[in-house]
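What follows is a single structure, written as structure tokens, with notes after it.
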Amino acid sequence: MTHRDATPSRLTDLTSEQVADAVRGRTVVWPIGAIEQHGPHLPLSVDLILAEAFATEIARELDAFTLPAQAIGARSLPQSGGGLFFPGTVYVGGDTLVRFLRDTLSALTVLPMARLVVVNGHYENEPFLFEALDQVRERGLLDGMEVFAFSWWSLVRDTWTDAETPRFPGWHAEHAGITETSLMLHLRPDLVTDERPDHDSPPRAGVYLHPVDVGQTTHRGVLSSTSGSSSGLGEKLLRHVVDEATAIVRDGTGLLLDRTRPARGVSGRPRDREDL
636 MTHRDATPSR LTDLTSEQVA DAVRGRTVVW PIGAIEQHGP HLPLSVDLIL AEAFATEIAR
696 ELDAFTLPAQ AIGARSLPQS GGGLFFPGTV YVGGDTLVRF LRDTLSALTV LPMARLVVVN
756 GHYENEPFLF EALDQVRERG LLDGMEVFAF SWWSLVRDTW TDAETPRFPG WHAEHAGITE
816 TSLMLHLRPD LVTDERPDHD SPPRAGVYLH PVDVGQTTHR GVLSSTSGSS SGLGEKLLRH
876 VVDEATAIVR DGTGLLLDRT RPARGVSGRP RDREDL
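Be aware that the sequence shown starts at 636, since it is given in my numbering, and climbs by one per residue.
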């Protein structure tokens, strides 16, 4: 049986007496998402579903354990998620999110895992996740283990978007657009409506506006275009991200970490934490 055929083990299925020995020298994958509006055609759970899907496939490839997904994230912003002008978004403030993630990560570091992989599915979560990780690092709690934390779109190569989405607006504006719609068509087509709204003027990145005209920044909560979305494109994107993620974790490709650790075999099975 290959890793791709196997069902990843859930950490929460273990007993307290089993967990330490089970995860010793192993990898744990934690998906982080959000509940956020995604236009008239996608459910509020997009960021959660996608984070879980990527985490599950990455764990399958790495023979890793998975954690339950974190469902509540940072507030939606007008230039990257449509903002709080549309009903359904559930969020906590950034300071609260940092504290929650910091405390959760601190608790996880007690386990003798070799590696923690955090997969983010909500654009606005990223700075708070990285801040929480750095606070945990400053306490010395990450010593002796590897941590890989990323938003799934950060692993999509420019060559992929150039080939598959010629009018790509930038990831900040890909909210409820062609990539998320395609991934949902592949993963949960039952939750996707028949509407395919487009927005011809995606907002610019890195600009905070007040007051903001939500009718100009979005079209019913969509920041870019859904035209051309398909299940096939979603399947290709899912595979691309999983392949990139597993390559980074196994090989440290393109990362400074690659110079500081022993090479690993292609299986991705880590050494014991003491050997890292």
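Ideal placement from N, C-alpha and C gives every residue a C-beta, glycine not left out.
Distance from histidine 676 to glutamate 830 at the Cβ level is roughly 4 Å; contact confirmed, criterion being Cβ atoms closer than 8 Å.
Threonine 701 has Arg645 and Val664 as its beta-bridge partners, per DSSP.
The DSSP assignment places complete alpha helix (DSSP H) segments of no fewer than 4 residues inside the region 814–897 at 849–852 and 866–886, in order along the chain.
Where alanine 767 is concerned, the enclosing alpha helix (DSSP H) starts and stops at 761–773. Tyrosine 726 places its beta carbon 8 Å or farther from that of alanine 704. Taking 8 Å as the cut-off, the beta carbon of threonine 662 is found closer than this to the beta carbon of methionine 748. When only Cα atoms are considered, leucine 679 and glycine 805 end up about 21 Å apart. Here glutamate 781 is buried. Its C-beta has 16 or more other C-beta atoms within 10 Å. The Cβ atoms of valine 753 and leucine 746 do not sit closer than 8 Å to each other. Per the coordinates, the alpha-carbon of proline 643 lies some 17 Å from the alpha-carbon of arginine 874. In chain order, Ala767, Gln770 and Val771 place their CB closer than 7 Å to the CB of arginine 737, counting only its own chain and leaving out the 5 sequence neighbours on each side. Spanning the alpha carbons of valine 842 and proline 713 requires a straight line of approximately 10 Å. Following the DSSP letters along the chain, one finds valine 752 in no alpha helix (DSSP H) but inside the beta strand (DSSP E) bounded by residues 750–755. Alanine 709 carries a strand assignment under DSSP once its states are collapsed to helix, strand and coil.
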